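Student:
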């Protein structure tokens with residue numbers, strides 16, 4: 279790919295790229311074949327990534343692979359100004375994609391599907407939502423929309439780029455869902471266990487030591503199981519991070535969230551264990567364990583409950599936006615793409 283002048287730009291974020299294609303009417307040779315196509319990057323996004331560099335990477339991918347997948351070679355030249363053959367437009371919302379079938383604010387990109395013999399107007403425009411997404415996700419969506427321009431549809435290879443099914447396009451999709459499901463289960467089970475723990479505390483405060491110890495033991499055992507479940511999820515994150523194809527996970531955010539979840543559970547477990555020990559003890563030992571339980575309670579109360587959607591965003595399964603509205607509908611169910 280040649281460059282005349284390169285337009286600087288910026289963008290950022292997370293999510294599973296949900297893209298669309300716009301049909302055109304046919305009319306011999308593919309409109310992008312036979313000569314160098316000039317490309318201009320129109321970056322109007324609030325995000326901090328170098329969108330021109332991302333676009334160039336996507337263009338280079340198709341220069342290297344177009345003949346294999348689209349059946350003809352293609353050559354691009356990025357220009358800084360003037361009227362291009364191809365316009366790659368980065369935005370923070372899907373405005374301009376309203377013609378996509380089943381359009382909604384979940385759409386993260388759109389471009390016309392061009393076939394041999396088509397005579398589209400110039401510039402041929404591909405739109406990509408860049409705001410609130412990491413560079414890997416933006417690049418894949420850009421490659422997807424350029425693929426449409428080359429005539430590829432959602433059932434064409436390479437599936438990791440062209441498919442609109444998340445399990446095809448998102449590396450380690452099943453493992454990501456396993457992590458999300460683990461957090462969902464832990465949150466749900468925590469809601470079930472908390473009343474048992476609270477009941478044990480009430481019994482302790484009422485002097486019902488034997489009953490209190492039994493309730494606290496039950497809560498503590500269940501909380502210990504949840505801590506182990508989080509540890510398994512953390513190990514899955516290690517596996518994700520070791521996979522070089524995984525580009526859309528915010529690993530720092532994800533680890534921080536899981537660590538927060540684990541610390542909160544461990545504090546609740548510590549409270550249960552210490553207060554049960556206090557209920558069974560006398561004198562100094564009873565008071566010492568009670569004070570430990572209070573410390574654990576303070577720690578638990580200082581750690582906010584993590585939201586499932588925060589984990590989904592960090593896993594690259596939904597897009598983070600400035601208004602905190604999901605681009606993929608997410609109400610606790612597995613995110614899907616239309």
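In our numbering, the protein residues as written are 279 to 616. Note that beta-carbon positions come from the ideal geometry of N, C-alpha and C, so glycine has one too. Quick caveat, the model's predicted, so the values are computed rather than measured.
#1: What residue from 339, 352, 366, 335 has the CA that sits closest to residue 318's CA?
#2: Short of 6 angstroms in beta carbon distance, which residues of its chain neighbour residue 434, apart from the five on each side in sequence? Order them along the chain.
#3: Would you list the residues sitting across from residue 263 in a DSSP beta bridge?
#4: Looking at the secondary structure, which residues open and close the beta strand (DSSP E) in which residue 316 lies?
#5: With 16 as the cutoff for other CB atoms within 10 Å, does residue 580 come out buried or exposed?
#6: Any idea which residues DSSP pairs residue 336 with across the strands?
#7: Note down, in chain order, each residue of its chain lying with its Cβ closer than 6 angstroms to the Cβ of residue 510, except the 5 sequence neighbours on either side.
#8: What's the gap between the Cα of residue 557 and the Cα of residue 568?
#9: Reducing DSSP to helix, strand and coil, say where residue 387 ends up.
#10: Take residue 372 and list the residues in its own chain whose beta-carbon comes closer than 6 angstroms to its own, dropping the five residues that flank it on each side.
#11: With a threshold of 16 other CB atoms inside 10 Å of the CB of residue 264, please say whether the residue is buried or exposed.
#12: My parser needs the alpha helix (DSSP H) runs of 4 or more residues fully inside the segment 392–465; what are they?
#13: Could you check what DSSP says for residue 525 in three-state terms: helix, strand or coil?
#14: Distance, Cα to Cα, residue 500 vs residue 459?
#15: What's the gap between the Cα of residue 548 and the Cα of residue 566?
#16: So what does DSSP say about residue 596, is it helix, strand or coil?
#17: Given that a residue counts as buried once 16 or more other Cβ atoms are within 10 Å of its Cβ, and exposed if not, what is residue 484?
#18: Which residues share a DSSP beta bridge with residue 354?
#19: With three or more beta-carbon pairs closer than 8 angstroms as the criterion, would you say the segment 326–340 touches the segment 416–427?
#20: Going by C-alpha distance, which of 573, 449, 424, 323 is nearest residue 344?
#21: Suppose the cutoff is 6 angstroms on Cβ atoms and the five residues either side in sequence are ignored; what does the same chain contact list for residue 503 look like?
#22: In terms of residues, what are the limits of the alpha helix (DSSP H) holding residue 493?
#23: Skipping 5 residues on each side, what residues in its chain have a beta carbon closer than 7 angstroms to that of residue 304?
#24: Decide if residue 576 is buried, meaning its Cβ has at least 16 other Cβ atoms within 10 Å, or exposed.
#25: Could you check which residue in 454, 426, 586, 516 has the C-alpha nearest to that of residue 442?
Tutor: From the atom records:
#1: 366
#2: 440
#3: Since the displayed the chain opens at 279 and closes at 616, residue 263 lies outside it and no answer follows.
#4: 315–321
#5: exposed
#6: Answer is none; residue 336 lacks a bridge partner.
#7: none
#8: 8 angstroms
#9: strand
#10: 385, 407
#11: There is simply no residue 264 to check, as the chain begins at 279 and stops at 616 in what is shown.
#12: 413–427, 437–440, 444–447
#13: coil
#14: 18 angstroms
#15: 14 angstroms
#16: coil
#17: exposed
#18: 315
#19: yes
#20: 424
#21: none
#22: 487–520
#23: Its pLDDT being 46, under 50, residue 304 is placed unreliably by the model, and the measurement read from it follows with that caveat. 393, 395, 396.
#24: exposed
#25: 426
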